[in-house]
Amino acid sequence: MANLHAGGYEQGRNDGFNKGKEDGYAKGLEDAKTLLDNPPLNEISLKWRELHCAEQIAPHFGSSVVLNDRKMECLKETFKSVIWKLEVTANGRTHPMILKIFKAPIIDQKLIELNMYRKAVSVIPDLMPAIYFTVEGINGDDVWVFMEYVPQLKGQVIFTPDYFDRIIPSLAKLHALTYNNNFYSKWEVFEEWLPRYEGEPLSSERVKHHEKTLEYLEKAKDHPELKQRLGSFYNDLKGILKKGPIYFPELIQAGKSIIHNDLQTPNMGCHNVAEPNWSIKFLDWEGARFSPCWFDMFNLVGVFFAYRKDWRADEDLVIERCSNLYAAEMLKYGISFDRSPIQLYKMAYLQRVLERGLYHQLLWGVDGAKPAHLLDVYAEKIKVWGKELGLY
């Protein structure tokens, strides 16, 4: 009888253990499915609810807005900021959205870009992403900006110089809307934060770069490779630099505007690249300033050709076409230039190279911090165009 009881106990214990395993497995599956269907909310989702972002953003869509907590992608993170691509549902459709998180402290270039979104968007609304909602003081002093998602040109097209023709009308519009008196009529929007070409900080920086360029040009004499690359042009270049740091006052006289200052394809977005007339929106505004408007033509065209050896045979024809197109687009807004557009482009190119670009090439070449890939390109342009424009 004792053995019978023992056997029954053992069987009952095994049955209970197996039943517990089965129930535990079933409960685990159920919990896992629940977790998949309802993932724990991350910080963005929690802040979205805490700050009532849906209510703030709803007017931009004309309907209620729901954040898709499971569709978030970090596009880029640096020590300055984090960029997230989010997805919301509104009007029965899904819409992508950008959340840019500016990390504290908010100073220098971060402050410039943030103020472009907070303040300048009222002056150039069609040329920037729509800003849905800005909130400050997140996790201390971080600032979150929810904005329209605009696909970058990079990744949408294989870029060739023909595409300059589709960008320049939007660039001219940016410049025309903020050209000379148009800028100063909105002075209260910009006065406390946007750098100005002739203002104290940029003027001091220009003088410092000028002195450093002369210093590193002198050091280049003792660097065999750089001495060979500069060759017989060394003395002429030294004479040109002594005329700086402003080499072409004509550029200032031709007019100043808000310039973007970094016109690479990742920094330009467009919803309609399949159409002949693009509506460009400019992204990442940390380099913005009030400067000679022709500088952006160097930023757009000149920098492209500096890096793209495969297109340099077409450079002169493209410069002529683009310079004249830019002048024609500016004329649509009543803005004309006294000098040849091609001359103004070449002046802008040389001024930017002599006041900044050449310094970095010499610095990298002497110190070996980076390869001085563009030194030969810049030196050739200074040599040829400098002579044409009377610099030596």
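To convert, count from 1 in the sequence shown and add 202; that's my numbering. Glycine is no exception: its CB is placed at the ideal position from the N, C-alpha and C atoms.
- Your pair M499 and I482 does not check out as a contact, with CB atoms roughly 15 Å apart and the cut at 8 Å.
- Setting aside the 5 residues that flank it on each side, V337 is surrounded in the same chain by L253 and W346, each with a C-beta closer than 6 Å to its C-beta; the list follows chain order.
- Here the region 372-387 makes contact with the region 532-540; the two share three or more CB pairs at distances below 8 Å.
- DSSP links T291 through a beta bridge to V268 and T296.
- Residue environment for F281: exposed (fewer than 16 other C-beta atoms within 10 angstroms of its C-beta).
- Of the other Cβ atoms in all chains shown, fewer than 16 fall within 10 Å of the Cβ of P573; this residue is therefore exposed.
- For D344, the enclosing beta strand (DSSP E) covers residues D344 to E350.
- For D486, the closest C-alpha among the options L248, L301 and G294 is that of L301.
- F539 sits in coil when the DSSP states are folded into three classes, being neither helix nor strand.
- In chain order, F335 and F348 place their CB closer than 7 Å to the CB of C255, counting only its own chain and leaving out the 5 sequence neighbours on each side.
- In the structure shown, K589 falls within a helical segment according to DSSP collapsed to helix, strand and coil.
- Where Y528 is concerned, the enclosing alpha helix (DSSP H) starts and stops at E517 to L533.
- It is roughly 41 Å from the alpha-carbon of Q258 to the alpha-carbon of L527.
- Secondary structure at M470: strand, using DSSP grouped into helix, strand and coil.
- The DSSP-derived three-state label of Y381 is coil.
- Beyond the five residues adjoining it in sequence on each side, D516 comes within less than 8 Å, by CB distance, of P363 in the same chain, given in chain order.
- Nearest Cα to G342 within the set A306, A332 and I285: A306.
- With a threshold of 16 other beta carbon atoms within 10 Å, Y561 meets it and is buried.
- Under a 10 Å Cβ-count criterion, K458 is classified as buried, with 16 or more other Cβ atoms of the shown protein chains found around its own Cβ.
- The criterion of a C-beta distance shorter than 8 Å is satisfied by L453 and W496.
- L396 carries a coil assignment under DSSP once its states are collapsed to helix, strand and coil.
- In its chain, beyond the 5 residues on either side, V268 have a beta carbon closer than 6 Å to the beta carbon of T291.
- The beta-carbon distance between L577 and G567, rounded to whole angstroms, is 6 Å. This is short enough to meet the 8 Å contact definition.
- Minimum Cα-Cα distance from L593 among the listed residues Q563, N474, K440 and H575 corresponds to K440.
- In this structure, the CA atom of V586 is about 22 Å from the CA atom of E420.
- In the structure shown, the three-state DSSP call for E413 is helix.
- Taking C-beta atoms as the reference points, V359 and Y365 count as a pair closer than 8 Å.
- Contact check for R523 against P397 fails: the beta carbons are separated by 8 Å or more.
- Closest option to H297, judged by alpha-carbon separation, among R431, L288 and F539: L288.
- I482 is bridged by DSSP to C472.
- Boundaries of the alpha helix (DSSP H) harbouring R251: E245 to E252, taken from the DSSP string.
- Following the DSSP letters along the chain, one finds V555 in no alpha helix (DSSP H), marked with neither H nor E.
- In the DSSP annotation of this structure, F335 is not part of any alpha helix (DSSP H); the continuous beta strand (DSSP E) holding it starts and ends at I333 to I340.
- If you ignore the 5 residues before and after Y551, its C-beta comes within less than 6 Å of the C-beta of F500 and G504, all in its own chain and listed in chain order.
- Distances from the alpha-carbon of M299 to those of L416, E394, A456 and E275 put E275 closest.
- In the structure shown, the three-state DSSP call for P494 is strand.
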